[in-house]
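Asker: Sharing a structure, written as structure tokens. Questions coming.
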Amino acid sequence: MIMSHASSTFLTLLFCLGLSLFADAEANDSRSRQVHSPPFLIIADRAVRQTSIESVTNILHHYRKQVKEEWGWTPHGEVFVHIFSETWHYCQETGQPWEFGGIYQDQRLYLQSPELLEKRGRLKEIIVHEYIHLLIDQETSGNCPLWLNEGLAVFISEHRGDLAPPDLLMTPTCLDSLFIREPESGEIVSSSDLKQAYLSAQYYAAQLVQRYGIQNVRKILSNLGKDIEFDASFQHFLGQSVEEFINSCQKRP
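Following this line, the structure appears as structure tokens:
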């Protein structure tokens, strides 16, 4: 076949581009490895130790079993878990500040170095917290109010029986504004405010579950997954409005 010089040059460029893309794919593959432990697919940086991968996998399976037994909650489909060896890589990939040792976003769990999190004494706490976020996200199709999402994640992951109301019980509106995570915005939330926010959200979630049971709470979450309005579902299943519930929580015993 006779080919013009222009056609030959064009095909050469395409070939080089293909080689470049192939090389990039191989480079990406060489930087990570996969461990399949159904329903979890672990994607870890090459520098992450095998013992750390095994530790994360064991924690995931332990809490998957525990949450299933205690709350009747299991994930749908495969669960992707990304483990990073370096904090800067985690921040770059997730867009989150280093203070967040782990994050659930884009239907995946992302974890900083397990060794680093273990040194901080937060590895198990972060894994189960983000795992609960995944379950809530699947149940609600991403429509859960932030205050309830965070509250349930903290309450279920740190379940310690009856909880006393925090000294400062924030409103859900205030909580939602604090839980919106937009690192690019430059907005700074003090650690004390964030701590009070999580305590408030946890208390609301604890009151919901203890008064009405997790199954009724999950019915509300399920309706959110069907795009049914939150306040209407709350009223239907619990017999009171969200506002009435919040007001009852804010009344000191």
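With my numbering, letter number 183 in the sequence shown gets 199, and the count goes up by one each step, no holes. The beta-carbon is built from N, C-alpha and C at its ideal position, and this holds for glycine as well. As the structure is a computational prediction, the values presented were derived from the model and not from experiment.
1) Three or more C-beta pairs closer than 8 Å, one from the stretch 216-227 and one from the stretch 161-181: is that the case here?
2) Quick check on the burial criterion: 16 or more other C-beta atoms within 10 angstroms. Buried or exposed for Gln-218?
3) What do you get for Gly-111, buried or exposed, if any count of 16 or more other CB atoms within 10 angstroms of its CB means buried?
4) Identify whether Ile-244 lies in helix, strand or coil by the three-state DSSP scheme.
5) Could you pull the DSSP bridge partners for Arg-124 from this structure?
6) May I ask which residues mark the beginning and end of the beta strand (DSSP E) holding Gln-50?
7) CA-CA distance, Gln-251 and Pro-188?
8) Please report the straight-line C-alpha distance between Pro-161 and Cys-107, rounded to a whole angstrom.
9) Restricting to Cα atoms, I'd like to know which of Ser-208, Gln-50 and Leu-240 is closest to Pro-182.
10) Give the secondary structure of Leu-57 by DSSP, where H, G and I count as helix, E and B as strand, and everything else as coil.
11) For the alpha helix (DSSP H) holding His-149, just list the boundary residues, first then last.
12) Taking just the CA atoms, how far does Leu-127 sit from Gln-50?
13) What residue from Asp-153, Glu-146, Arg-136 and Ile-142 has the CA that sits closest to Arg-234's CA?
14) Say the cut is 6 Å; is the CB of Ile-230 nearer than that to a heavy atom of the ligand COA?
15) Given that a residue counts as buried once 16 or more other Cβ atoms are within 10 Å of its Cβ, and exposed if not, what is Gln-82?
16) In whole angstroms, what is the alpha-carbon distance linking Phe-246 and Phe-261?
17) Count the other CB atoms, across all protein chains shown, that sit within 10 Å of the CB of Ile-196; report buried if there are 16 or more and exposed otherwise.
18) Determine the contact status of Met-186 and Ser-206, defining contact as a CB-CB distance below 7 Å.
19) Would you call Ser-264 buried or exposed, if buried means 16 or more other Cβ atoms sit within 10 Å of its Cβ?
20) For a minimum of 4 consecutive residues, which ranges assigned as the alpha helix (DSSP H) are wholly contained in the stretch 174-229?
21) Based on Cα-Cα distance, which residue from Asp-178, Ala-180 and Glu-166 lies nearest to Ser-193?
Answerer: This is what the structure gives:
1) yes
2) buried
3) exposed
4) coil
5) Phe-96 and Gln-121
6) 48-53
7) 17 Å
8) 25 Å
9) Ser-208
10) strand
11) 139-156
12) 15 Å
13) Asp-153
14) The ligand COA is absent from the structure shown, which contains no ligands of any kind.
15) exposed
16) 13 Å
17) exposed
18) no
19) exposed
20) 188-195 and 207-228
21) Glu-166
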